[in-house]
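In my numbering, the protein residues as written are 573 to 672.
Don't be surprised by glycine CBs; every beta carbon is placed ideally from N, CA and C.
Okay, here's the thing in structure tokens:
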């Protein structure tokens, strides 16, 4: 599903972008306007990924907020890097994060 160069963008990055954070300009240079986005909806495979991520983090003793579990599950399920400003995502096994 993911095209080369595709990135799942966390809402904290989107909010910062719309607030004019100039540090984000290089990350979006050459990209389609941010107002064009593919909305991703969870499916059965995403929910299975959610459960797996939640169990892995519980076993490690490093839970993250439930809303962020959904984001991590979607990124892992679709094999997309996650652009975020939330440091707790680095705790998620097998999730590539981009600190934007």
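What do you get for residue 679, buried or exposed, if any count of 16 or more other CB atoms within 10 angstroms of its CB means buried? Beyond the ends of the chain as shown, which are 573 and 672, falls residue 679; an answer cannot be given.
Residue burial classification, residue 625 (beta-carbon count within 10 angstroms, cutoff 16): Reading the chain shown from its first residue, position 53 is the one you call residue 625. Result: buried.
Does the segment 617-624 come within contact of the segment 582-596, defined as at least 3 CB pairs closer than 8 angstroms? no
The beta strand (DSSP E) spanning residue 607 covers which residue range? Within the chain shown, numbered from 1, the residue matching residue 607 stands at position 35. Where residue 607 is concerned, there is no enclosing beta strand (DSSP E), given that its DSSP letter is neither H nor E.
At the level of alpha carbons, what is the spacing between residue 655 and residue 644? In the chain shown, the residue the question calls residue 655 occupies position 83. In the chain shown, the residue the question calls residue 644 occupies position 72. Distance between the alpha carbons of residue 655 and residue 644: 11 angstroms.
Tell me the residue span of the beta strand (DSSP E) that contains residue 654. Position 82 of the chain shown, counting from 1, holds the residue named residue 654. 654-656 is the extent of the beta strand (DSSP E) around residue 654.
Do you know whose CA, among 589, 584 and 612, lies nearest residue 648's CA? Numbered from its first residue, the chain shown carries residue 648 at position 76. Out of 589, 584 and 612, 612 has the C-alpha closest to the C-alpha of residue 648.
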